[in-house]
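Input: a single structure, listed below in structure tokens.
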Amino acid sequence: MKCDNSPKHAAPRAWHEVLRILLLLPIPPTALLLPSRPQESYCAYSIILMALFWCTEALPLAVTALFPIVLYPMMGIMDASEVCVEYFKDSNILFVGGLLVAIAVEHWNLHKRIALRVLLITGVRPALLMLGFMGVTAFLSMWISNTATTAMMVPIAHAVLQQLHKKPTGKDVEEGCDNPTFELQEASSQKEEPKLAEKGEEQLRFSQGMSLCVCYAASIGGIATLTGTTPNLVLQGQVNSLFPQNGNVVNFASWFGFAFPTMAILLLLSWLWLFQVSLLYFGILSWAGARRLDQAFRVIQTEHKRLGPMSFAEKAVSVLFVTLVVLWFTREPGFFLGWGNLAFPDEEGNSMASDATVAIFIGVILFLVPSDIPGLKAPPALLNWKTVNEKMPWNIVILLGGGFALAKGSEKSGLSEWLGNKLTPLENVPPPAIALIVCLLVATFTECTSNVATTTLFLPILASLAQAICLHPLYVMLPCTLASSLAFMLPVATPPNAIVFSFGGLKVSDMARAGFLLNVIGVLVITLAINSWSYPIFRLHSFPAWADSNNTAGCLAIQANATTPGP
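Sequential numbering of the sequence shown, starting at 2, is according to the working numbering.
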């Protein structure tokens, strides 16, 4: 990026934002709504204040997420002890446990082995090369962070492109020379990256397209699993917080059944779109001759051979990773009794063990299993706390908790109920139109704001909307969550976009042009998903009893009358 990030320029910018927002603090909170409803007004004031800080990033996102601990007790909304509990809920622990496994995968370079192996299978023909990069990036993003996946895949993509663009000597490949682009440090990658301006027009477009396909695939792949990206966990936490009796309706298996087909369709359409637009077109075959394709393939072969055979640590992490996924799927699948229902049932027969239980169980094992076959000297474990502490995004853990605290405060203060009453006129709007509007609104908002902050702000409001118009809450909450990952147009929209942009060769207009239609495609695919295969998975055809409240008592009565046969 071209912006100046030096401290002497960054500090004044931050202080200007803080001062701007501080000017809003004296606004009387009770003037926001009704003077007769102070609790709702105070809570709304807190949410608006946090939204301003999140949107401007005047303070770190995690610091803003701590505001409820100060504001809610001072305003009489919640006790401090109640607020603090929200910062360490089941979804937070699931996030930590999932990241423990992801960190182990990264620590032992297993993700790079998987990526190179898949690329050896797909080959380096332009169409298949892009599909291979998108497929492996999306798969890795399902399990490890989108940012880490992009940071690993972009240098690999540029190393392959160097071989396609260079003069056909092939000397460095045949001699097995090191390729500096495979070094994952950003500084060295940028220094060794050749100037894209010196390449032909077709080569430049191909390089731009390859970069974009990696960052887009990372964002798309993250939606497929519950732990793939943070907004998914925000949804689970908000549903559990707002509707405690929901029976764990959003779990790993149900989410995968809904989101994986959505991800697969969106990924395929994205590949077709990127290959057809001006960034990638079939004319690329004119300069990618057979010899250059062979050289690029040898680069991948060389790097794969350099990894050597799988170590004991890689095999152990692979086994634990597969075990984790199997346990997640079979804990409480819904269409048959899972091991959680059979081994750890509660009074109603539901599993007392959650997805977080499984994640932490596997995470603890990672600290116990040795990284090599024990000999005279005990080898270190697969994971150590120093590595975890360095790579764990603790700021996201706090940010998640702040979102749950916001939702609980809205419920306790009565703001959710008040919003629901104000949104009742929307009951005359067809549900598919509501879902489409939600997707468009969130997809636009997330281009400028963190996807976690976006879902944190929108989900409680949408839950109130659904209750007010007797609509299944997940019918509007699911599209909101998926749409928050449609950040394709701007470099600042999401870290994968920023990483790709930092490698050079891309202008904001390039990303905006390719990402605009991709956003539209994403909105249409999500709308299709929520109106088709999501219905049997989440039983969206009827208003659920667990969403019933004092304000929605009529919903179940209307539903009962509608299903009762006439005389």
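Glycine included, C-beta positions come from ideal geometry on N, C-alpha and C.
Comparing alpha-carbon positions, which option in Asn-252, Met-264, Ile-374 lies nearest Val-326?
Closest by alpha carbon: Asn-252.
Can you check the segment 492–563 for any beta strand (DSSP E) of at least 3 residues that lies completely inside it and give the ranges in chain order?
Whole beta strand (DSSP E) segments, 3+ residues: zero.
Using a threshold of 8 angstroms, state whether the C-beta atoms of Ile-399 and Leu-67 are closer than that.
Yes, the Cβ-Cβ distance between Ile-399 and Leu-67 is below 8 angstroms.
Is it right to say Cys-556 is buried, meaning 16 or more other beta carbons lie within 10 angstroms of its own, or is it exposed?
Buried, because 16 or more other Cβ atoms sit within 10 Å of the Cβ of Cys-556.
Report the option in Leu-458, Pro-432, Phe-276, Ala-149 whose CA atom is closest to the CA atom of Gln-468.
The shortest Cα separation from Gln-468 among Leu-458, Pro-432, Phe-276, Ala-149 belongs to Pro-432.
Ala-379: buried (16+ other C-beta within 10 angstroms of its C-beta) or exposed?
So Ala-379 ends up on the exposed side.
Please report the distance separating the alpha-carbon of Thr-482 from that of Asn-233.
Each residue's Cα considered, the two are about 6 angstroms apart.
How many Å lie between Ala-548 and Lys-113 at the Cα?
Each residue's Cα considered, the two are about 44 angstroms apart.
Can you find the residues in the same chain that come closer than 7 angstroms, C-beta to C-beta, to Gln-186, ignoring five residues on each side of it along the sequence?
Low local confidence applies: a pLDDT of 37 at Gln-186 is under 50, so the model's placement there is unreliable, with the coordinate-based value given in what follows. Excluding residues within five positions, none has a Cβ falling inside 7 angstroms.
At the level of alpha carbons, what is the spacing between Thr-528 and Leu-472?
Taking the straight line joining both Cα atoms gives about 16 angstroms.
Compare the beta carbon distance of Asn-520 and Ala-444 with 8 angstroms and say whether it is the shorter of the two.
Yes, the pair counts as a contact, with Cβ atoms nearer than the cut-off.
Using the C-alpha atoms, what's the distance from Glu-107 back to Asn-385?
The alpha-carbon atoms of Asn-385 and Glu-107 are separated by roughly 13 angstroms.
Assuming Asn-342 is part of the alpha helix (DSSP H), what are its boundary residues?
340–344 is the extent of the alpha helix (DSSP H) around Asn-342.
Cα separation between Arg-569 and Met-490?
Here the chain covers residues 2 to 568 and nothing more, so residue 569 does not appear.
Does the segment 360–367 come close enough to the segment 418–431 to have 3 or more Cβ pairs within less than 8 angstroms?
No, the segment 360–367 is not in contact with the segment 418–431.
Looking at the structure shown, is Pro-381 part of a helix, part of a strand, or coil, going by DSSP?
Pro-381: coil per DSSP, three-state reduction.
Thinking C-beta only, is Phe-261 closer than 8 angstroms to Ile-1?
Residue 1 lies beyond the range of the chain shown here (2 to 568); nothing can be said about it.
Does the segment 70–90 come into contact with the segment 297–317, if we say contact requires no fewer than three beta-carbon pairs (one atom in each stretch) closer than 8 angstroms?
The answer is no - the segment 297–317 does not touch the segment 70–90, with fewer than three Cβ pairs under 8 angstroms.
In its own chain, which residues sit with a C-beta less than 8 angstroms from the C-beta of Ala-158, not counting the 5 before and 5 after it?
These residues qualify, in order along the chain: Phe-134, Met-211, Ser-212, Val-215.
Touch check for the segment 229–246 and the segment 401–419: three-plus C-beta pairs under 8 angstroms?
Judged by Cβ distances under 8 angstroms, the segment 229–246 makes contact with the segment 401–419, as three or more pairs qualify.
From the DSSP secondary-structure annotation, give me the bridge partner or partners of Ser-485.
The partner list for Ser-485 (beta bridge, DSSP) is empty, contrary to what the question assumes.
In whole angstroms, what separates the C-alpha of Val-64 from that of Gln-277?
Distance between the alpha carbons of Val-64 and Gln-277: 43 angstroms.
Once DSSP output is grouped into helix, strand and coil, what is the label at Ser-352?
Ser-352 falls in the strand class under three-state DSSP.
Say whether the segment 262–269 touches the segment 130–144, bearing in mind that this needs 3 or more beta-carbon pairs closer than 8 angstroms, one atom from each stretch.
Touching, yes, given that three or more Cβ pairs across the two stretches are closer than 8 angstroms.
Return the first residue and the last residue of the alpha helix (DSSP H) that Arg-114 is part of.
Unbroken alpha helix (DSSP H) run through Arg-114: 111–123.
According to DSSP, is Pro-371 helix, strand or coil?
It is a strand residue.
Return the Cβ separation of Val-1 and Val-125 in integer angstroms, given the expectation that the two are a contact with Cβ distance under 8 angstroms.
Lying outside 2 to 568, the shown extent of the chain, residue 1 is not represented and no answer is given.
Per DSSP, what kind of secondary structure is Thr-456 in: helix, strand or coil?
Looking at Thr-456 - three-state DSSP - the assignment turns out to be helix.
If Val-235 sits next to Val-71, beta carbons under 8 angstroms apart, how far is it from one beta carbon to the other, in whole angstroms?
In fact, because the Cβ distance is near 22 angstroms, the residues do not count as touching under 8 angstroms.
Out of curiosity, what's the CA-to-CA distance linking Leu-273 and Leu-463?
Rounded to whole angstroms, Leu-273 to Leu-463 spans 33 angstroms at the Cα level.
Exposed or buried, what is Phe-544 when buried is set at 16 or more other beta-carbons lying within 10 Å of its beta-carbon?
Its Cβ being crowded by 16 or more others within 10 Å, Phe-544 is buried.
What first and last residue would you give for the alpha helix (DSSP H) that runs through Ala-45?
Counting along the chain, the alpha helix (DSSP H) containing Ala-45 begins and ends at 39–57.
The alpha helix (DSSP H) with Pro-69 in it runs from where to where?
Counting along the chain, the alpha helix (DSSP H) containing Pro-69 begins and ends at 68–75.
My assumption, with CB atoms under 8 angstroms, is that Ala-225 sits in contact with Met-311. Please give the rounded CB distance.
With a Cβ gap of about 25 angstroms, Ala-225 and Met-311 do not count as contacting.
Hey, quick one: how far does the alpha helix (DSSP H) through His-108 stretch, first residue to last?
Taken as a continuous stretch (DSSP letters only), the alpha helix (DSSP H) holding His-108 covers 91–108.
Give the secondary structure of Leu-420 by DSSP, where H, G and I count as helix, E and B as strand, and everything else as coil.
Leu-420 falls in the helix class under three-state DSSP.
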